[in-house]
Amino acid sequence: MESSPSTPAERRSLNAHLYHVSKTPDDLRHLILDISRAAKYISYAIQTTEAGLAGTTNQFGEDQVKLDVLSDRIIEDHLRESRLVASFACEERPEVVDLDPKAPYSVAFDPLDGSSLVDVNFAIGSIFGIYKGKSVLGRKPKEQVAALYVLYGPRTILVYSTGKGVHEFLLNDVGEFILLREYLGVADDAKNFSPGNLRGVDETKGYRDVVETSLTAKLTLRYSGCLVADVHHIFSKGQGLFTFPGSAKYPTGKLRLAFECGPFAYLAEQAGAAASDGNGHILDLTIESVDQRCPLIIGSRNDVKKVCGMLNA
Ligand code: F6P
Ligand code: MN
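Below, the structure is given as structure tokens:
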């Protein structure tokens, strides 16, 4: 890794990494830094906010915990303040929210992924996909210019890509994201398996076969119920498979294209992994609406291919 005179390689900040290593355009670098600042407030809020229900539901009829509402507001405030965002789409609102029509970027985000796990103190996360242009609607995830997620676990980490590899940062005690590992890669064969929506084994063609094959292959089970944590496991361990196919209750799965499947598909490709909806690349799907859902098969390439074959057999 190239080092600069002012920033020693052993203490590479997110800002320095975006500038020196990813050579990210200045406005996009500033936007990512603004998002990372929002994540620090969320990280702090998780430690200090009561974990009860807010008493409201989101557009999908799910209970919003106070932290959902708070995280959403924190992110909106930071995007607004950045002056770099034309509009955003997020899990908590049914329509795209317009900010500044002259601004260069649009953002899709899930403010608090896995928020039903707040009360049990499991890891949760935030997910972001960034596009050039006025709106994320009508766009394909392959058009993203950056994607990132923040995982609030025992430690808070941030993982980003601007199209030049996938890089991981740790939030340190003085509130700065410092490089942990760069160029995360995913091997072609999985040893770990994270099977979501097991309700679908009797309803989705081939899913029982997928699960039985993983038992025969003695894959290690790793499923927490938080997409960010479960997919980060794959990037961190350098192999693995996560599946969330459709079922009777969720015919196209539960996960949303704009701010869950799309950003992770972009990061997966950058890490040498694959992401499919069972039929084709997630990256090639078109975001028609904020609430659009799609199945997700993501991780080690050979396993993604095998699973898609079985689901379609
Ligand atoms: O945002 C949806 C989500 O909470 C994801 O984080 C997670 O992968 C999925 O739902 C878990 O679904 P289930 O509770 O059905 O396993
Ligand atoms: Mn989510």
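End of the sequence shown = 434 in this note's numbering, gap-free, step of one.
The beta carbon of each residue, even a glycine, is placed where N, CA and C say it ideally should be.
In this text the structure is predicted, and so the values were computed from the model without any measurement.
- If you draw a straight line from the Cα of Leu258 to the Cα of Pro384, it comes to about 14 angstroms.
- Here Arg329 is actually not in contact with Leu378; their C-beta atoms are around 26 angstroms apart, not less than 8 angstroms.
- In terms of CA proximity to Leu388, Phe356 leads the group Phe356, Leu362, Tyr273 and Ser410.
- For Ala350, the closest of Lys223, Val280 and His141 by C-alpha to C-alpha distance is Val280.
- Check the Cα spacing between Ser421 and each of Leu340, Thr277 and Ile167: the tightest is with Leu340.
- For Cys429, no beta strand (DSSP E) run applies; the uninterrupted alpha helix (DSSP H) run containing it begins and ends at Arg422 to Asn433, by DSSP.
- Within the same chain, and ignoring the five residues on either side of Arg201 in sequence, the residues whose Cβ sits closer than 6 angstroms to its Cβ are Leu220.
- Gly321 sits in a helix when the DSSP states are folded into three classes.
- Relative to the ligand F6P, Lys370 has its C-beta separated by 7 angstroms or more from all heavy atoms.
- Take Thr277, set aside five residues on each side of it, and the residues of its chain with a beta-carbon closer than 6 angstroms to its own are Ser164 and Leu292, in chain order.
- With a 10 Å radius around the Cβ and a threshold of 16 neighbouring Cβ atoms, Ala434 comes out exposed.
- Counted as a single uninterrupted DSSP element, the beta strand (DSSP E) harbouring Gly246 occupies residues Ile245 to Lys253.
- Between the ligand MN and the CB of Asp231, the shortest heavy atom gap is smaller than 7 angstroms.
- At least one heavy atom of the ligand MN sits closer than 7 angstroms to the Cβ of Glu212.
- Phe356 sits in a helix when the DSSP states are folded into three classes.
- CA-CA distance, Lys223 to Phe314, rounds to 44 angstroms.
- Residue range Lys187 to Ser203 is occupied by the alpha helix (DSSP H) that includes Ile195.
- Residue pairing by DSSP places Ser397 opposite His402 and Ile418 in a beta bridge.
- In the three-state reduction of the DSSP assignment, Arg158 falls in the helix class.
- In this structure, the ligand MN has no non-hydrogen atom nearer than 7 angstroms to the beta-carbon of Asp351.
- Shown here for Ala392: same chain residues with a beta carbon closer than 7 angstroms to its own, the five before and five after excluded, namely Val287, Leu305, Gly306, Val307 and Phe356 in chain order.
- Asn400 is classed as exposed because its beta carbon has fewer than 16 other beta carbons within 10 Å across all chains shown.
- As summarised for the region 279-329, the continuous beta strand (DSSP E) elements at least 3 residues long and confined to that stretch are 288-292, 298-302 and 313-316, given in chain order.
- By the neighbour-count criterion, in which 16 or more other beta carbons inside 10 Å mark a residue as buried, Ala386 falls on the buried side.
- A direct Cα-Cα distance of roughly 24 angstroms separates Gly359 from Leu233.
- Each residue's CA atom was taken as its position, placing Phe298 and Arg158 some 9 angstroms apart.
- Rounded to the nearest angstrom, the gap between the Cα atoms of Gly346 and Leu238 is 8 angstroms.
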